[in-house]
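Residue numbers (our numbering): 13 to 280.
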Amino acid sequence: MKFSILSKGDKKSNEIRSKIKNYLTEFQLEYNEDEPDLAISVGGDGTLLEAFHTYVHRLDKTAFIGIHTGHLGFYADWMPEELEKLIIEIAKTPFQVVEYPLLEVTIRPKSGGEEDRYLALNECTIKTSEGSVVMDIEIKGDHFETFRGDGLCVSTPSGSTAYNKALGGAILHPSLEAFQVAEMASINNRVFRTIGSPLILPSHHTCMFKPKHDRSFLFTIDHITRTYSDVKSIQCRVAEEKVRFARFRPFPFWKRVHDSFVADDYTD
C-alpha cells in the first residue's frame, strides 16, 4: 500500500510524521506523495482539509485518516498516544471506507468565459467588501428569494459543525446526501425579504445565486480564498464525487459532536 503524510508543521506534528513514516516503511509500505492509497493528516481539521485539496483530483483512489495534535477534531480522530496502535492497524489491517458527500460549486462569468468548478469538504462562503451581498436565489430553477446581507454559507453535512453551526445552521449527519444554505446577517424590509432560516436541500436539488449588482466577491472554499468579479451565477449542489475516510474502528459522529460541544460523560 502507498501512503503519504501531511503535517501541520509544528514540532509535535513533525515528530509524529517522522515516526509514522519510519515505522510504515519498515513494514514494507511505500511512501508516495503523488499517488497514495492512504493520506495521513497530522494536525487538526485544517490539516486534513489541506490533505483533501491536495488529492482532490484522485478522491476515488485516496482515502484519508487524521491524527489530531491540538483540539479534538471532527476529521482527525486518532490521538498521539494511540500512534503505535494506529501504525499496526495501517500496516496489518485492510481499512474500511466511509464515504461522505461533498459540495460542488460552479462559478460562471458574465463574459461567457470558462467557468470554475470547486469541491468543498466543509463549506463555501460568499462575501463582498463592497457593501452588502445582494443576490437572487433560485432553487431548481425557480426564484425563491432576493437575499441582502453580509453573505451566505453553503455547507456539506460533515461541514455543518463548522462555520454553519456558528451561523445558527443545523447539524446534519455526514451520511446524508444534502447541503445547507445559511444566511449571514440578512436584511429584511419592504424590498428584501428572506426566509431567515437555514435551508437543507437534497442531492437532486440545485441552488443558484445570481448577483443583482456588478461587484467583486470573496469566496472561500474550505480554507482556500478566491476573489471574483464579473460573476453571472454561483451554482451549488451535491457533487457526484465523495470523500473517502479510512476507518479502523467505529467513531460515532454524534459522540464527536458531544465531545466537541457538550463535553461531559457520553453514554449510548
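Backbone N, C-alpha and C fix where the C-beta goes; we use that ideal spot for every residue, glycine too.
Could you spell out where the beta strand (DSSP E) holding residue i opens and where it closes?
{"i": "G55", "result": "50 to 55"}
{"i": "V203", "result": "Per DSSP, V203 belongs to no beta strand (DSSP E) and is neither H nor E."}
{"i": "E135", "result": "135 to 139"}
{"i": "I246", "result": "243 to 259"}
{"i": "K222", "result": "219 to 223"}
{"i": "H80", "result": "75 to 80"}
{"i": "P92", "result": "Note, P92: premise wrong, no beta strand (DSSP E); not H, not E."}
{"i": "P214", "result": "211 to 214"}
Taking the alpha helix (DSSP H) that residue i falls in, what are its first and last residues?
{"i": "A5", "result": "Here the chain comprises residues numbered 13 to 280, so residue 5 is not present and cannot be evaluated."}
{"i": "D271", "result": "265 to 273"}
{"i": "L98", "result": "95 to 104"}
For residue i, count neighbouring C-beta atoms within 10 Å of its own C-beta (all shown protein chains included) and say buried if the count is 16 or more, exposed if not.
{"i": "A275", "result": "exposed"}
{"i": "V109", "result": "exposed"}
{"i": "S123", "result": "exposed"}
{"i": "E47", "result": "exposed"}
{"i": "P264", "result": "exposed"}
{"i": "Q40", "result": "exposed"}
{"i": "E94", "result": "exposed"}
{"i": "D234", "result": "buried"}
{"i": "I100", "result": "exposed"}
{"i": "S16", "result": "buried"}
{"i": "V193", "result": "buried"}
{"i": "N34", "result": "exposed"}
{"i": "S228", "result": "exposed"}
{"i": "P113", "result": "buried"}
Just to check my reading of the structure: residue i and residue j have Cβ atoms closer than 8 Å, yes? What is that Cβ distance to the nearest angstrom?
{"i": "L36", "j": "I102", "result": "6 Å"}
{"i": "P186", "j": "P214", "result": "Not a contact, Cβ separation roughly 15 Å."}
{"i": "T81", "j": "S25", "result": "5 Å"}
{"i": "L184", "j": "I212", "result": "7 Å"}
{"i": "D148", "j": "K222", "result": "4 Å"}
{"i": "T105", "j": "F260", "result": "6 Å"}
{"i": "G180", "j": "P210", "result": "7 Å"}
{"i": "M207", "j": "E150", "result": "Correcting the residue identity first, residue 207 is Ile in this sequence and not Met. About 14 Å separates the two Cβ atoms, so there is no contact after all."}
{"i": "V255", "j": "F76", "result": "7 Å"}
{"i": "E189", "j": "L71", "result": "Actually they do not touch by this definition, with Cβ atoms about 16 Å apart."}
Let me check one thing: in DSSP terms, what residues is residue i bridge-paired to?
{"i": "F15", "result": "Y43, L50"}
{"i": "Y35", "result": "Paired residue(s): none; Y35 is not in a bridge."}
{"i": "K152", "result": "Answer by DSSP bridge pairing: none, since K152 is not bridged."}
{"i": "E1", "result": "Residue 1 is absent from the structure shown; the chain starts at 13 and stops at 280."}
{"i": "D128", "result": "I119"}
{"i": "F231", "result": "I138, R238"}
{"i": "P113", "result": "K254"}
ask   = Three or more beta-carbon pairs under 8 Å between the region 77 to 89 and the region 117 to 126, yes or no?
value = no
message = Could you check whether the region 25 to 41 touches the region 60 to 74, counting it as contact only if at least three pairs of C-beta atoms, one from each stretch, sit closer than 8 Å?
response = no
query = Is it a yes or a no for the region 193 to 204 touching the region 16 to 23, going by three-plus beta-carbon pairs under 8 Å?
reply = no
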